[in-house]
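Colleague: This is the structure I have questions about; it appears just below.
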Amino acid sequence: MSVGIPDTVTVEIDAAEFGGHLAIGALTRNQATGGSIIGFAYADAWLDRPDRFALDPLHGLYPGDQWPRDGQVDRIFTDSSTDRWGRTLMDRQEVVLARKAGRPRHRLDEWDYLLGVSDVARMGALRFRTEEGLYLDESSGVPPMAGLPELAAAAKSIEQPDRDASKEAHALAILLAPGSSLGGARPKASFRDDHGSLWMAKFPSRTDARDMAACEWVLNELAAAAAIEVPEHRLLSLGRGHRTFAAKRFDRIDDSRRMYASAMTMVSRRDREPASYLDIALAISDHGATGSIESSLAKLFRRVAFNILTAHRDDHLRNHGFLRARGGWQLAPAFDLNPMPDKPEHELAIDADDHTGDIELLVQTAEYYRLPTADAEQIVDEVRDALGTWKAVAKAANVGALEMDAIDEAIAT
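At position 289 of the sequence shown (counting the first as 1) the number is 1196 in the numbering used here, and the numbers step up by one without a gap.
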C-alpha cells in the first residue's frame, strides 16, 4: 500500500446547497491481509441537521462506525474514486516510483485509489482532508484547453506496449495531476475552458476500430433533440486520426460542486451484479426529490427508449447517475452515450430479466414509470422523430463512412 496516506480522513460535502465545506463524517481504514477494510461514521453535527440525508442508501443515520456488509468500500465513496483508466495510471506510477527508489512496488488498494486522485477533478461534492485540514491531493492543477494536445499525446504513449521508462514517467506526471479521478476505461483527462469551467476530454484509444468520439458526439446531439438533458459537449481535433469528445462537467456550477451518486450506489449493486432499468425507477420512487419523482421517472423512460433505439447497450449502472437537491435525488444528465450495434444485449434488463432491447417490452413496463400507455407510446414516437435527423447531424460533423455505417446499423436495429 502507498506511503503517506493517513488511516483516518474527514469527509466533507462541498456544495452550495449545504453551505459548502461541511464536515459530515470520517472514513477510517483498517489494514488487513487482503487489503483495506473501510468504515464510515457520521458526524454528530450532520446528524443534528434538519436537511441531513444518508450518503449511501444502505447507511443508517446514527452515530458510530458503519462497515459495508460485503467488506468492500461503500458505493458512494467509489463514486468519488477512480475506475480502470485512473487505476492504470496510478498502478503505473507506483511501478515508476518503486523503480526510482529501488524498492518493491506497493500493492495499491481501494483506500489508495480513493484518496490518491485529484481533489480538483474528483467527481461530485465529497472531499477528503487530513487532521491538519489539508485536502488529499489538492495540489494537482487542471490545465487549460490549450494543454489538451500534450495530454492526448501522453495518453497515447501510456497505451503503447513498448513504452520507454523515462517517457512513461513523464507521461504519468502529465496525466495524473488533472484526471485520475474520472471513471471509465477510456483514456481521459480534465481541462478548463477559457471561462475556467471544468471539462472532461475522452481521447482516442489505440484499440478503437472507429472514431468513437464522433459517434458519441452524434448521439449526444440526437439525445438533446429528443428532449434528453446532456452536458454541453464538443468534438475536438487534436491531431491526426480519431477525434476527442469533450463534455462540460455537470457536477460543477461555476466554482461550486454538486453531490453525485451513480445508479449503482442508488440501487445498492456492485459491478457485474444483475440489475434492470426498473431498479433505477424504484430508486427514483424511493429517493427522488420531493415534487419531481413523476417527472424524473418520465425522463428515465425517455432515456431507456433512446438507448434501445440507438443501440446504446453499454448502459450499465455506472453510466447513469443522480445529483442531490435539497429535497432528494434527481437524475443527472445522460452521459457516455455510444452506439454499439455489435453488442448483442443491453447491460441493464428492460424489465426484470430481458436484456434484448425490445421497445414494445419497454412500453409494457410503463406503469413502473407511472406513465399511461398512451404517454409512453408518445415518448417513443418523439424519440423516433428526433432520430430521423441523424444523417444530417452526422454529416455536419464530417463523420466518416465507417462511423456512419455504425450509427445507421444502430438506429436500424
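All residues carry an ideal CB built from backbone N, CA and C; glycine is no exception.
#1: Only counting the same chain, and skipping five residues up and downstream in sequence, which positions put a Cβ closer than 8 Å to that of SER1203?
#2: To which residues of the same chain is TYR1276 closer than 8 Å at the C-beta, ignoring the five residues directly before and after it?
#3: Assign PRO1094 to one of two classes, buried (16 or more other C-beta atoms within 10 Å of its C-beta) or exposed (fewer than that).
#4: What runs of the alpha helix (DSSP H), each 4 residues or longer, lie entirely inside the region 966-995?
#5: Between which two residues does the alpha helix (DSSP H) harbouring GLY1141 extend?
#6: With distances taken Cα to Cα, identify the nearest neighbour of MET997 among ALA1116, ILE1081, MET1173 and SER1175.
#7: Just to confirm the assignment, what range does the alpha helix (DSSP H) spanning VAL916 have?
#8: Would you mind reading off the limits of the alpha helix (DSSP H) that contains ASN937?
#9: Which same chain residues end up closer than 7 Å to LEU1022 when comparing Cβ atoms and leaving out the 5 residues on each side of it in sequence?
#10: Between the region 972-986 and the region 935-955, do at least 3 Cβ pairs fall closer than 8 Å?
#11: If ALA923 sits next to SER1163, beta carbons under 8 Å apart, how far is it from one beta carbon to the other, in whole angstroms?
#12: Looking at C-beta atoms only, is the number of pairs between the region 1109-1122 and the region 1045-1065 that lie closer than 8 Å three or more?
#13: What does the alpha-carbon distance come out to for the pair TYR949 and GLY967?
#14: Roughly how many angstroms separate the alpha carbons of TRP953 and LEU1278, rounded to a whole number?
#15: Can you check which of these residues, ASP1115, HIS1077, PHE1229 and ALA1134, is closest to LEU1309 by C-alpha distance?
#16: What does the alpha-carbon distance come out to for the pair PRO1251 and MET1311?
#17: Hey, would you say LEU1183 sits closer than 8 Å to ALA1256, going by beta carbons?
#18: At the level of alpha carbons, what is the spacing between GLU1128 and PRO964?
#19: Answer yes or no: do VAL1300 and VAL1137 have a C-beta to C-beta separation smaller than 8 Å?
#20: Three-state secondary structure (DSSP) at VAL1015?
#21: Take ASP1258 and list the residues in its own chain whose beta-carbon comes closer than 7 Å to its own, dropping the five residues that flank it on each side.
#22: Helix, strand or coil: how does DSSP classify THR1172 here?
#23: Should the region 1209-1227 be regarded as contacting the region 1016-1032, the criterion being three or more beta carbon pairs within less than 8 Å?
Modeller: According to the data block:
#1: ILE1191, GLY1195, ALA1196, GLN1237 and LEU1238
#2: When the five nearest sequence neighbours on each side are left out, the beta carbons in the same chain lying within less than 8 Å of the beta carbon of TYR1276 are those of ALA1188, LEU1204, ALA1205, LEU1207, PHE1208 and ALA1283, in order along the chain.
#3: buried
#4: 982-985
#5: For the record, residue 1141 in the displayed sequence is Arg; it is not Gly. No alpha helix (DSSP H) contains ARG1141, which is instead part of the beta strand (DSSP E) from 1140-1143.
#6: Residue ILE1081 holds the alpha-carbon nearest to the alpha-carbon of MET997 among ALA1116, ILE1081, MET1173 and SER1175.
#7: It is not in any alpha helix (DSSP H) - VAL916 instead sits in the beta strand (DSSP E) that spans 915-920.
#8: The continuous stretches of alpha helix (DSSP H) do not include ASN937, which lies in the beta strand (DSSP E) extending over residues 929-939.
#9: Cβ contact annotation for LEU1022 (same chain, cutoff 7 Å, sequence separation greater than five): ILE912, VAL916, PHE1035 and LEU1043, in chain order.
#10: Between the region 972-986 and the region 935-955, the count of Cβ pairs shorter than 8 Å is three or higher; the stretches touch.
#11: Contact holds; Cβ gap of about 4 Å.
#12: yes
#13: 9 Å
#14: Taking the straight line from one Cα to the other gives about 37 Å.
#15: ASP1115
#16: 19 Å
#17: At residue 1183 the sequence reads Ser, which differs from the Leu that was named. Result yes, Cβ atoms of SER1183 and ALA1256 sit closer than 8 Å.
#18: Taking the straight line joining both Cα atoms gives about 33 Å.
#19: no
#20: With the sequence shown as reference, residue 1015 is identified as Leu, and Val is not the correct amino acid for it. In this structure, LEU1015 counts as coil in the three-state DSSP scheme.
#21: Taking ASP1258 as the centre and dropping the five residues before and after it, the same chain places the C-beta of SER1183, LEU1185, LEU1268 and THR1272 closer than 7 Å to its C-beta, in chain order.
#22: helix
#23: no
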